[in-house]
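A.B. asks:
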Amino acid sequence: MNARILHIATNTFREAVRDRVLYNLIAFALLMSAAAVLVGQISIHIEKLVVINLGLTAVSLFGIVIAVFIGIGLVSKEIDKRTLYTVLSRPVRRWEFIAGKFLGLAGTLVVNTFFMAIGVFAALAYVSHHLESADLGVLVALYFIVLQFVMITALALLFSSFSTPIFSAIFAFWLFVIGSFAQDLRNFAAMAHGITRFLATAAAYLVPNFSALNVISQVAHGEPVPHRLILLNTTYVLVYSAAVLSGAVLIFERRNLK
Amino acid sequence: MACTDRAIYSFESLLIIFLRCFPAMLAINILGLEKIYNVGFWRKRAKRALWPLNLRVEEGEIFGFLGPNGAGKTTTLKLLMGLVFPSGGSARILGMELDDPRMKAQIGFLPEQPYFYDHLTARELLRYYGQLSGVDAKQLSSKVDAVLEQVKLIDSANVQLRKFSKGMLQRAGIAQAILHDPKVVFLDEPMSGLDPMGRREVRNLIEDLKTHGKTVFFSTHILSDAEALCDRVAIIHQGELRGIGAVAELTASVHGKVEIVWQTAVVPAGIRSMGAECHSAGDSTRVILPEENQDAALEALRREHLRLISVVPVRTSLEDYFVAQLGTSAKSEAVSSRTLHPATGDGQVIKR
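And the structure:
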C-alpha cells in the first residue's frame, strides 16, 4: 500500500482511539451485552437467542453511531481546524487523503468490533456455559456488521467531503435507516406500476442495502448463513463503498479549501 | 580581428538565446494568477479575491508579502499551496507545477494561526509530517529532535498539543514547515501570537534559513518585521498588487529633513523658529527640521552646552511607503469605478 495512505490511516486510527467518546460508546455496548445476560435469565429456554439478538444489535448500533460521528468529521473537521492545510501542502494527493481517512476509520471500527465481540461471546458463554460450532454463525453476523460499518464510513466520508457535520450526520443516519428497509423498498417496487415502479426501483438499487447485511435474527435462531450470501455481500459492499469513495474523491478533488 | 569580433558577437547572441530559453531558476514565478469566488446560496455572485498577480521571487531571497487584513495574502498562499484553485493564470515553484508532488517535497508551509492534531504530542506530530514529506525513516528521529531543539520545544516534545500555548503552537508550526529541509518556505503571518522574545526567535530563524540558502516567502502585516528581514517586499491591497521592490530602494528616499536628538527637555531659542517639529519626552528632545538649518541648530545646541545624542537624515520608512500605497489607491478608487487592473511586478519599484 502507498506509504502516505498508511501514515494518514494510522494517524486517523490514533486520533479515534484517543477520543474519550469512543470508550464511552464501547462501554455502553458492553453494558448492553451484560444487560442481555440479565434479560436472558428471565427468558426461559430462549436465553441464547436473547443474548445473541441483543448483543449483536448493540454492537451494530453503537458501531454505526461511532462510524457516523467520527466519519462526518473526517474531512470537514480537518478543513475547519485547518489541519488539512499542512497535509495537502506536502506531497500528498487528495485521493490519498480520502483513502487514508477511510482506512483509518474502518480499521478503528474493526478493532472496536473485536472488543465488543469479546463481550458478546463472554455473555454467550455465561448463559449457555459452553460455546458450540453453531455459534460460529455469530462470527458471520459480526463480519456482516463490519461490512455495514465499511459502507456507512464511506457514506459519512462522502457527505463530509462537501457538507457540514450536522447535515452529514443527518444524511448518513437517514440513508442507514432507509437502507435497512432496502428489501421492503425492492418488494414495493416489484408491485408498483408505471413511473412509480421506475422511481421505486431506482431508489431501491441506489440506497445502500443494509437489510441484506442483517442476519442477526437468522443466526440467533441457529440457521446457517449460505456461503453464497457471504460472497455476494462482500462483493456488494466492496463495489458500493468503492463507488461512494470515488464520489467523495471527485468532490474533494475540486473543492476550494477556503 | 573582424572575424574574432563576429565570433564574440555570435557567442553573445547564442548566450542571450540560451538564457531566454533557460532562464535562471526562480523560486516562485507567478503569472497572472487570479481568484474569483462564487458567493451566495441562491443568487450566486462573483467576488474577486485576487486580481491577476505577477510576481517573481529569486532563489535565496527573503520576500515579504505585505498587506492589511483581508488584502489577499492568504488567498495567494492558498493558491500556491494548491488548497484553492485559480480562476486564471498560473504559477510555478522551483520550476514545477503547483500540483507536482516533487515540488511539494521541497517546500514548507506554515498556515496562519496554525492548529494541529491536538491528540498528538509535538514529537508525534513532527514524525507524522516527516513521514508524509518522505523523510528517510532512519533519519526521521534525529531530524525531529534537531528541529524541536531549533524551535526550543525539546522540553515539551512529549506533551500533547492540546496543552500548548498559542506561541508554542506557532513554534510547532514553524518546526513542521522546516523539518524536511525544504528549499522554499512559505510562512503566513509567522509572528502572529508571539511575544517579543518569540518574535525575535522567529526572526533569527528566518535569517538562519537565508544563510542556509533557503528562499523564504512570508506574509505579514507587521511592517517592522518585514523591514528588518526582507530583501524585497510586495504590497497587496484589496486583492491587487500595489507595489513591489527592494526594501533598501523603497526606504531610500530622503525627505530633505534631519532628526536631531539631545539630552534634556530644554529647547534653545531659535530652534523653534527654524521650522522644526519638537517632541520632548522624559529627559530628551527630538526635533525634525529642514536639512539647511542643521548647522545652525547644532550651533545653538553647542552654545547652550546641551549634550547631543544623534543627528540622522529622515528616511521614508516601509510604513510610510505602505501607507502611501494604500492611501493613493483609496483616492483613485473613490474617483473611478474599478475595471480590470492588470498587476505589474517584474521586480521593479512601482510608485503610483
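First to last, the sequence lines map onto chains X and V.
Be aware that the first sequence starts at 1, since it is given in my numbering, and climbs by one per residue.
Be aware that the second sequence starts at 1001, since it is given in my numbering, and climbs by one per residue.
For each residue, glycine too, the CB sits at the ideal point set by N, CA and C.
What you are looking at is a predicted structure, and each value in this text was computed from that prediction instead of being measured.
Against Leu1205 (chain V), what residues of chain X qualify as contacts under a CB-to-CB distance less than 9 Å, listed in chain order?
C.D. replies: Per Cβ cutoff of 9 Å: no residues; Leu1205 (chain V) is ~17 Å from chain X at best.
A.B. asks: Are Leu1098 (chain V) and Gly1239 (chain V) closer than 7 Å when you measure CB to CB?
C.D. replies: No.
A.B. asks: Can you give the Cα-Cα distance for Leu1053 (chain V) and Gln1294 (chain V), rounded to whole angstroms?
C.D. replies: For Leu1053 (chain V) and Gln1294 (chain V), the distance between alpha carbons rounds to 45 Å.
A.B. asks: Check the Cβ of Tyr205 (chain X) against every Cβ in chain V and list those closer than 9 Å, keeping chain order.
C.D. replies: What Tyr205 (chain X) touches in chain V: nothing, since even the nearest Cβ is about 31 Å away.
A.B. asks: Can you pull the chain V residues whose beta carbon is under 7 Å from the beta carbon of Ser76 (chain X), in chain order?
C.D. replies: In chain order: nothing, as chain V lies at least about 14 Å away.
A.B. asks: Count the other C-beta atoms from every protein chain shown that fall within 10 angstroms of the C-beta of Gly1213 (chain V), then say buried if there are 16 or more, exposed otherwise.
C.D. replies: So Gly1213 (chain V) counts as exposed.
A.B. asks: Of all the CB atoms in chain X, is at least one closer than 7 Å to the CB of Met1081 (chain V)?
C.D. replies: Interface residue, yes.
A.B. asks: Return helix, strand or coil for Glu1207 (chain V), following the three-state DSSP convention.
C.D. replies: Note: Glu1207 (chain V) maps to helix in three-state DSSP.
A.B. asks: Here's the rule I'm using: 16 or more other beta-carbon atoms within 10 Å means buried, otherwise exposed. How should Arg1315 (chain V) be labelled?
C.D. replies: Exposed, by the Cβ-count rule.
A.B. asks: Quick one: grab the DSSP three-state call for His1279 (chain V).
C.D. replies: Three-state DSSP puts His1279 (chain V) in a strand.
A.B. asks: Cα-Cα, which of X:Ala220, X:Ala182, X:Ile195 is closest to Ala204 (chain X)?
C.D. replies: When each option's Cα is compared against that of Ala204 (chain X), the closest is X:Ala182.
A.B. asks: So with Cβ pairs under 7 Å, would you call Ser1133 (chain V) a contact of chain X?
C.D. replies: At least one chain X Cβ lies under 7 Å of Ser1133 (chain V).
A.B. asks: I'd like to know whether the C-beta of Arg82 (chain X) is nearer than 7 Å to at least one C-beta of chain V.
C.D. replies: Yes, because at least one Cβ of chain V sits closer than 7 Å to the Cβ of Arg82 (chain X).
A.B. asks: From the DSSP secondary-structure annotation, give me the bridge partner or partners of Gly1108 (chain V).
C.D. replies: Per DSSP, V:Val1185.
A.B. asks: My assumption, with CB atoms under 8 Å, is that Gly1089 (chain V) sits in contact with Glu1124 (chain V). Please give the rounded CB distance.
C.D. replies: Actually they are not in contact, since the Cβ atoms of Gly1089 (chain V) and Glu1124 (chain V) sit about 39 Å apart, beyond 8 Å.
A.B. asks: Please name the residue in V:Gly1134, V:Ala1324, V:Ala1269, V:Pro1290 whose C-alpha comes closest to that of Leu1301 (chain V).
C.D. replies: When each option's Cα is compared against that of Leu1301 (chain V), the closest is V:Ala1269.
A.B. asks: Check His227 (chain X) in the structure and name its three-state DSSP category.
C.D. replies: His227 (chain X): helix per DSSP, three-state reduction.
A.B. asks: Using the three-state DSSP reduction, which class does Pro1196 (chain V) fall into: helix, strand or coil?
C.D. replies: Helix at Pro1196 (chain V).
A.B. asks: Kindly indicate which three-state DSSP category Gln1113 (chain V) falls into: helix, strand or coil?
C.D. replies: Correct three-state label for Gln1113 (chain V): coil.
A.B. asks: Would DSSP call Ser1090 (chain V) helix, strand or coil?
C.D. replies: Residue state, collapsed to three classes: strand.
A.B. asks: Compare the C-beta of Arg90 (chain X) with all C-beta atoms of chain V and state if any pair is closer than 7 Å.
C.D. replies: Closer than 7 Å: yes.
A.B. asks: What does a CB cutoff of less than 6 Å around Pro1182 (chain V) pick up in its chain, not counting 5 residues either side in sequence?
C.D. replies: The answer, listed in chain order, is Gln1106, Ile1107, Gly1108.
A.B. asks: State the DSSP-derived secondary structure class of Lys1257 (chain V), mapped to helix, strand or coil.
C.D. replies: Lys1257 (chain V) falls in the strand class under three-state DSSP.
A.B. asks: Any beta carbon from chain V within less than 7 Å of Leu25 (chain X)'s own beta carbon?
C.D. replies: Taking Cβ atoms only, chain V never reaches closer than 7 Å to Leu25 (chain X), which makes this a no.
A.B. asks: Could you tell me which chain V residues have their CB closer than 7 Å to the CB of Asn256 (chain X), listed as they occur along the chain?
C.D. replies: Going along chain V in sequence order, the residues near Asn256 (chain X) (Cβ under 7 Å) are Val1084, Phe1085.
A.B. asks: Leaving out five residues on either side along the sequence, give the residues of the same chain with a beta carbon under 6 Å from the beta carbon of Gln1150 (chain V).
C.D. replies: None.
A.B. asks: Kindly list the residues whose CB is nearer than 8 Å to the CB of Val1349 (chain V), restricted to its own chain and excluding five residues on each side of it in sequence; keep chain order.
C.D. replies: With a pLDDT of only 37 at Val1349 (chain V), under the threshold of 50, the placement of this residue in the model should not be trusted; the figure read from the coordinates follows. Correct list, in chain order: Gly1243, Ile1244, Gly1245, Ala1246, Glu1249, Leu1250.
A.B. asks: Which of the three DSSP states is assigned to Ile46 (chain X) in this structure?
C.D. replies: Note: Ile46 (chain X) maps to coil in three-state DSSP.
A.B. asks: Going by DSSP, which residues form a beta bridge with Gln1160 (chain V)?
C.D. replies: Gln1160 (chain V) pairs with V:Thr1121.
A.B. asks: Taking the alpha-carbon of Leu74 (chain X) as reference, which of X:Ser163, X:Ala125, X:Gln148 has the nearest alpha-carbon?
C.D. replies: Taking only the C-alpha atoms, the option nearest Leu74 (chain X) is X:Ser163.
A.B. asks: Can you tell which of X:Ala99, X:Leu213, X:Leu199, X:Leu25 has its C-alpha closest to the C-alpha of Ser246 (chain X)?
C.D. replies: Ranking the options by Cα distance to Ser246 (chain X), first place goes to X:Ala99.
A.B. asks: I want to see whether chain X comes within less than 7 Å of Lys1166 (chain V), judged by CB atoms only; does it?
C.D. replies: Chain X contact via Cβ: absent.
A.B. asks: Going along chain X, which residues have a C-beta under 7 Å from Ala1105 (chain V)?
C.D. replies: The contacting residues are Pro91.
A.B. asks: For Pro1101 (chain V), which option in V:Met1081, V:His1119, V:Phe1116, V:Tyr1117 has the closest C-alpha, if you only look at C-alpha atoms?
C.D. replies: If we check each option's Cα against that of Pro1101 (chain V), V:Met1081 comes out closest.
A.B. asks: At which residues does the alpha helix (DSSP H) containing Thr86 (chain X) begin and terminate?
C.D. replies: Start and end: 83-88.
A.B. asks: By the criterion of Cβ-Cβ separation under 8 Å, what are the contact partners of Phe1116 (chain V) in chain X?
C.D. replies: Those within 8 Å of Phe1116 (chain V) in chain X are Thr83, Thr86.
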